[in-house]
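Reviewing the structure listed below.
Number of protein chains: 2
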Amino acid sequence: MQINGKVYRTIWVENNIVKIIDQTKLPHQFIIKDLKTVKDSINAIKTMEVRGAPLIGATAAYGLVLSIIEKNDQSFLKRSSEDLIASRPTAINLKWAIDRMMKKLSGINSNEILKIALEEAKKIVEEDVKFCKNIGVNGLRIIEGIANKKKDTVNILTHCNAGWLATIDWGTATSPIYHAHQKGIKVHVWVDETRPRNQGANLTSYELNEEGIPNTIITDNTGGILMQRGQVDMCIVGTDRTLSNGDVCNKIGTYLKALSAKDNNVPFYVALPSSTIDWSIKDHKQIPIEERNSEELSHVEGVDENNKIKKVRIYPQKSKSLNLAFDVTPAKLVTGLITEKGICEASEKGLKGLFK
Amino acid sequence: MQINGKVYRTIWVENNIVKIIDQTKLPHQFIIKDLKTVKDSINAIKTMEVRGAPLIGATAAYGLVLSIIEKNDQSFLKRSSEDLIASRPTAINLKWAIDRMMKKLSGINSNEILKIALEEAKKIVEEDVKFCKNIGVNGLRIIEGIANKKKDTVNILTHCNAGWLATIDWGTATSPIYHAHQKGIKVHVWVDETRPRNQGANLTSYELNEEGIPNTIITDNTGGILMQRGQVDMCIVGTDRTLSNGDVCNKIGTYLKALSAKDNNVPFYVALPSSTIDWSIKDHKQIPIEERNSEELSHVEGVDENNKIKKVRIYPQKSKSLNLAFDVTPAKLVTGLITEKGICEASEKGLKGLFK
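Chains W and F, in that order, give the protein sequences.
In terms of the numbering used here, the first sequence is residues 83 to 438.
In terms of the numbering used here, the second sequence is residues 83 to 438.
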């Protein structure tokens, strides 16, 4: 998609160097960063220079490529894969991408391994682009349906960033929106700012602006009253891990919006590529919920009056804080799952109907 | 209650000058400010140097006193009362306090009027202190009940600041907590930071710290998963306007926590002095919901590394935002109303049983 009128993806390779957009600097600065080692990749995932389940998966896959370039050695590759998996605990794509790469690379001799690793990483990336595009085509039908009935702008609420910046291109939750916009359907997006890291404001609103899609940032507290007032026609969010029973683990706060959608009869959709489905876990209580540094809450970064990036402490110095990154939205609150293969009910039956 | 070990109220009078704590500077600076004119009072309410329904009411009452000191003239007094009522639209106490003062002052001759106005304003203030204290005594029973059953620390979630800083003393939602703490019951408070103005972090956590009550700040997104995990024993919030049917209009985001409490069988209480009850409105859709400056969302104030207060812009420059200040929690989600006269069901029957 576009930034300053130029088309980008979130990750690409030039001369054996992996290029990413440093998303911690958005929206205030647009910086392309080089990843040259597996350590660079791990660091980019940990510090959230790259984030979003699909993009984390792709970065991890390319991390293994960089590991091979660094040191073509099976035990180093194995350690790299473990370190990459440990870099963030909740997104399932990370493990999925690493497992897929390692399966492909097992038993490959050292002359061929770099070429094959690079091919497989590219395949993961191209597949994600295709999946996200298909999610858009499938989700477009829902937006179209509302637009035809309402004969006015469709108001869509989203939480966090499940936009193209969270994937390689198109995004998951935003893909139906981009497809609707390109088809000339009038859409307006309510963007939850998504504390503590404000990825809604910093990334989703930013990328919608760059594509010319009308949007309004709101605090995470605001979705409820907008739904009470009938100002939200539908919600679409992404997911970091989808259980086979249809429960959805996504950015913290998603659950509260889903409750409000249910209470106000607003359809609540989750958009996902099948790589986020965790077929192994049956009970959402088994999902490890990442606890991040509490400084992400107590300190905020922005630009001062001279457009310089500044970090300020917003909490009382004596106060403690807790920074949980995800919550779980039970399947009962989800109207449907929008996947690359079609839309299904948020249930084992629904998912198996499409994928098994 | 205490700040730096010294006991304060939020508003008091010295030599015909009204003194307030400038709450826009907390927690980073503790500044006592003089209000000398009715314009100062209006400004203090508008800019939220004073906030919280009961404190707004008291400031408005003292605003009329200042109006009389400024110019002892009935038409000036009337204009002052209108300007004060218009200073913020949602909190009902504002109108309640002004109506009460104006009723008392109508037909009073100009020699006596200042003395009577001052007496009535002081009565409003002392009544609020007594009401808040009684709310604490009544709410204490609920906390005690949980503590006796659980035999461990009682975890209480609150939203925004309905603490003593929102009233004259004790607070509404915090009063039961202060009473429990003083009785030696172990409590821990989950403090919603409460975007956009972060009054939870800036004021509630600050005042709990000063009283030595353990508390942890969380983003407004976090309450849901804490309740899913069983880490919240009860919620207590304040209210800016309580309808006679039990619907509660409070700081935006309250509704989302109430939904989550219902979904997880966590008791959800609202603490209020009867001055916040609006007997006239039957449908919450008639409550005017204040829309504030969008810069309150896009810009954040904190302290930099040199402890200097700095404001930074956190949103993309091109982005729009919407700043609604309140939402409505339907009575069906409220376990009970904790008032100065006792605890009742959130319904017309419940409220009338105590108050009419």
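Each residue gets a CB set at the ideal place from its N, CA and C atoms; glycine is no exception.
None of the values given here were measured: they were computed from a predicted structure.
TODO: Using a Cβ cut-off of 7 Å, pull out every chain W residue sitting near GLU182 (chain F), in sequence order please.
DONE: As a working mapping, residue 182 (chain F) is identified with position 100 in the second sequence. Correcting the residue identity first, residue 182 (chain F) is Arg in this sequence and not Glu. In chain order: nothing, as chain W lies at least about 30 Å away.
Open item on the list: Less than 8 Å between C-beta atoms, sequence neighbours within five positions excluded: which residues of the same chain meet that for LEU176 (chain W)?
Closed with: Within the first sequence, the letter at position 94 stands for residue 176 (chain W). Cβ neighbours of LEU176 (chain W) beyond the five flanking positions: ILE127, ALA135, ILE138, GLY139, ALA142, LEU166, ILE167, SER169, ARG170.
- [ ] Under the assumption that VAL95 (chain F) contacts GLN310 (chain W) (Cβ atoms under 8 Å), give the Cβ distance between them as a whole number of angstroms.
- [x] Stepping through the second sequence from its first residue, residue 95 (chain F) is reached at position 13. Stepping through the first sequence from its first residue, residue 310 (chain W) is reached at position 228. Under the criterion of beta carbons closer than 8 Å, VAL95 (chain F) and GLN310 (chain W) do not qualify as touching, at roughly 41 Å.
TODO: Might you give, ordered along the chain, the residues of its own chain that have their beta carbon closer than 7 Å to the beta carbon of GLY218 (chain W), omitting 5 neighbours on each side?
DONE: On the first sequence, position 136 is the one that residue 218 (chain W) refers to. Once the five neighbours on either side are set aside, the close Cβ partners of GLY218 (chain W) are TRP252, SER257, PRO258, TYR260, HIS261.
TODO: Compute the Euclidean distance between the alpha carbons of ASN230 (chain W) and VAL271 (chain W), then round it to the nearest angstrom.
DONE: Taking the first sequence and counting its residues from 1, one reaches residue 230 (chain W) at position 148. Taking the first sequence and counting its residues from 1, one reaches residue 271 (chain W) at position 189. Roughly 18 Å separates the two Cα atoms.
Task: Assigned secondary structure, PHE158 (chain W) (DSSP; H/G/I helix, E/B strand, else coil) - done: Here residue 158 (chain W) corresponds to residue number 76 of the first sequence, with the count starting at 1. In the displayed model, PHE158 (chain W) falls within a helix according to three-state DSSP.
- [ ] Compare the Cα-Cα distances from LYS88 (chain F) to each of F:LEU148, F:GLU293, F:GLY282, F:GLU226 and report the closest residue.
- [x] The residue given as residue 88 (chain F) occupies position 6 in the second sequence. Here the closest residue by C-alpha is F:GLU293.
Task: Host alpha helix (DSSP H) of MET184 (chain F) (start-end) - done: Indexing the second sequence from 1 puts residue 184 (chain F) at position 102. Per DSSP, MET184 (chain F) belongs to the alpha helix (DSSP H) from 174 to 187.
Task: Alpha carbon of GLY432 (chain F) to alpha carbon of CYS426 (chain F), nearest angstrom - done: Counting from one through the second sequence, the residue named residue 432 (chain F) turns up at place 350. Counting from one through the second sequence, the residue named residue 426 (chain F) turns up at place 344. Going by C-alpha positions, GLY432 (chain F) is about 5 Å away from CYS426 (chain F).
Open item on the list: Looking at the strands, I want to know which residues DSSP matches up with ARG323 (chain F).
Closed with: The residue given as residue 323 (chain F) occupies position 241 in the second sequence. Bridge partners of ARG323 (chain F): F:CYS331.
Open item on the list: So, with DSSP's three-state summary, where would you put PHE350 (chain F)?
Closed with: Residue mapping note: residue 350 (chain F) aligns to position 268 of the second sequence, counting from 1. Collapsing the DSSP output to three states places PHE350 (chain F) in a strand.
Open item on the list: Just checking: is the beta-carbon of ARG395 (chain W) within a distance shorter than 8 Å of some beta-carbon in chain F?
Closed with: The sequence position of residue 395 (chain W) within the first sequence is 313, counting from 1. Output row for ARG395 (chain W): interface = yes.
TODO: Assuming PRO355 (chain W) and PHE213 (chain W) form a contact by the criterion Cβ under 8 Å, report the distance between their Cβ atoms to the nearest whole angstrom.
DONE: Taking the first residue of the first sequence as position 1, residue 355 (chain W) is located at position 273. Taking the first residue of the first sequence as position 1, residue 213 (chain W) is located at position 131. Between the beta-carbon of PRO355 (chain W) and that of PHE213 (chain W) there is about 4 Å, and that keeps the pair under the 8 Å contact cut.
Task: Buried versus exposed, by CB contacts within 10 Å (16 or more), ASP322 (chain W) - done: In the first sequence, residue 322 (chain W) corresponds to position 240, counting from 1. The residue is buried, with at least 16 neighbouring Cβ atoms inside 10 Å.
TODO: Mind checking which residues open and close the alpha helix (DSSP H) that includes GLY218 (chain W)?
DONE: Mapped onto the first sequence, residue 218 (chain W) falls at position 136. Counting along the chain, the alpha helix (DSSP H) containing GLY218 (chain W) begins and ends at 195 to 232.
- [ ] Report yes if the CB atom of LEU239 (chain F) is closer than 8 Å to the CB atom of LYS392 (chain F), and no otherwise.
- [x] For the purposes of this step, residue 239 (chain F) is taken as residue 157 along the second sequence, with counting starting at 1. For the purposes of this step, residue 392 (chain F) is taken as residue 310 along the second sequence, with counting starting at 1. Taking 8 Å as the Cβ cut-off, LEU239 (chain F) and LYS392 (chain F) do not qualify as a contacting pair.
TODO: Count the other CB atoms, across all protein chains shown, that sit within 10 Å of the CB of LYS333 (chain W); report buried if there are 16 or more and exposed otherwise.
DONE: If you number the first sequence from 1, residue 333 (chain W) lands on position 251. Buried.
Task: Straight-line Cα distance separating TYR351 (chain F) from VAL132 (chain F) - done: Walking along the second sequence from the start, residue 132 (chain F) turns up at place 50. Walking along the second sequence from the start, residue 351 (chain F) turns up at place 269. Their Cα atoms are separated by approximately 24 Å.
Open item on the list: Does GLN105 (chain W) pass the burial test, meaning 16 or more other C-beta atoms within 10 Å, or should it be called exposed?
Closed with: For the purposes of this step, residue 105 (chain W) is taken as residue 23 along the first sequence, with counting starting at 1. Around the beta carbon of GLN105 (chain W), 16 or more other beta carbons lie within 10 angstroms, which makes this residue buried.
Open item on the list: So that I know if they touch, is there some Cβ in chain F lying closer than 8 Å to that of SER401 (chain W)?
Closed with: As a position in the first sequence, residue 401 (chain W) is number 319, starting the count at 1. It does: the Cβ of SER401 (chain W) has a partner Cβ on chain F nearer than 8 Å.
TODO: Note down, in chain order, each residue of its chain lying with its Cβ closer than 8 Å to the Cβ of MET130 (chain W), except the 5 sequence neighbours on either side.
DONE: Position 48 of the first sequence holds residue 130 (chain W). Here the set comprises GLN105, THR106, ARG279.
Open item on the list: I believe LEU187 (chain F) touches ILE195 (chain F) by the beta-carbon criterion, under 8 Å. Please report the beta-carbon distance rounded to the nearest angstrom.
Closed with: For the purposes of this step, residue 187 (chain F) is identified with residue 105 of the second sequence, where counting begins at 1. For the purposes of this step, residue 195 (chain F) is identified with residue 113 of the second sequence, where counting begins at 1. Going by Cβ atoms, the distance from LEU187 (chain F) to ILE195 (chain F) rounds to 6 Å, so yes, they are a contact pair.
- [ ] Step through the CB atoms of chain F and report whether any lies within less than 8 Å of the CB of ARG277 (chain W).
- [x] Within the first sequence, the letter at position 195 stands for residue 277 (chain W). Interface with chain F (8 Å Cβ-Cβ cutoff): ARG277 (chain W) is included.
TODO: Please state if the CB of MET316 (chain F) and the CB of ILE420 (chain F) are separated by a distance shorter than 8 Å.
DONE: Against the second sequence, residue 420 (chain F) aligns to sequence position 338. Against the second sequence, residue 316 (chain F) aligns to sequence position 234. Going by C-beta atoms, ILE420 (chain F) is not nearer than 8 Å to MET316 (chain F).
Open item on the list: Taking only three categories from DSSP, how would you classify ASP274 (chain F)?
Closed with: The residue given as residue 274 (chain F) occupies position 192 in the second sequence. Strand at ASP274 (chain F).
Task: ALA255 (chain W) versus VAL269 (chain F): straight-line alpha-carbon distance, rounded - done: To locate residue 255 (chain W), count along the first sequence from 1; it is residue 173. To locate residue 269 (chain F), count along the second sequence from 1; it is residue 187. A direct Cα-to-Cα measurement between ALA255 (chain W) and VAL269 (chain F) gives close to 40 Å.
Task: Expected contact under 8 Å - CB spacing of LEU415 (chain W) and LEU308 (chain W) to nearest Å - done: Taking the first residue of the first sequence as position 1, residue 415 (chain W) is located at position 333. Taking the first residue of the first sequence as position 1, residue 308 (chain W) is located at position 226. In fact, because the Cβ distance is near 17 Å, the residues do not count as touching under 8 Å.
Task: Cβ of ASN230 (chain F) within 8 Å of any chain W Cβ - done: As a first step, residue 230 (chain F) is located in the second sequence; it is residue number 148 there, counting from the start. Residue-level contact by beta carbon fails for ASN230 (chain F) and chain W, as no gap is shorter than 8 Å.
Open item on the list: Does SER403 (chain F) come out as helix, strand or coil in the three-state DSSP assignment?
Closed with: Here residue 403 (chain F) refers to the residue found at position 321 when the second sequence is read from its first residue. Three-state result, SER403 (chain F): strand.
TODO: Using the Cα positions of GLU202 (chain F) and ASN243 (chain W), report the straight-line distance between them to the nearest angstrom.
DONE: Walking along the second sequence from the start, residue 202 (chain F) turns up at place 120. Walking along the first sequence from the start, residue 243 (chain W) turns up at place 161. Our two residues, GLU202 (chain F) and ASN243 (chain W), have alpha carbons roughly 53 Å apart in a direct line.
- [ ] Over the uninterrupted alpha helix (DSSP H) stretch that includes ASP122 (chain W), give me the two end residues.
- [x] In the first sequence, counting from the first residue as 1, residue 122 (chain W) sits at position 40. Run containing ASP122 (chain W): 120 to 128, per the alpha helix (DSSP H) assignment.
Task: Closer than 8 Å to chain W by CB, ASP409 (chain F) - done: For the purposes of this step, residue 409 (chain F) is taken as the residue at position 327 of the second sequence. For ASP409 (chain F), the nearest beta carbon of chain W is closer than 8 Å to its own beta carbon.
Task: Interface residues of chain F facing LEU406 (chain W) [CB-CB closer than 7 Å] - done: Position 324 of the first sequence, counted from the first residue, corresponds to residue 406 (chain W). Neighbours of LEU406 (chain W) on chain F, chain order: THR304, ILE307.
TODO: Could you please give me the residues that DSSP links to GLU318 (chain F) through a beta bridge?
DONE: Taking the second sequence and counting its residues from 1, the one referred to as residue 318 (chain F) is at position 236. Going by the sequence as given, residue 318 (chain F) is Ile instead of Glu. Bridge partners of ILE318 (chain F): F:TYR351.
- [ ] Please report the residue range of the beta strand (DSSP E) in which ASN237 (chain F) lies.
- [x] For the purposes of this step, residue 237 (chain F) is identified with residue 155 of the second sequence, where counting begins at 1. Run containing ASN237 (chain F): 236 to 240, per the beta strand (DSSP E) assignment.
Task: Cβ-Cβ separation, PRO349 (chain F) to THR304 (chain F) (assumed contact under 8 Å), whole Å - done: Here residue 304 (chain F) refers to the residue found at position 222 when the second sequence is read from its first residue. Here residue 349 (chain F) refers to the residue found at position 267 when the second sequence is read from its first residue. Contact doesn't hold; Cβ gap of about 19 Å is too wide.
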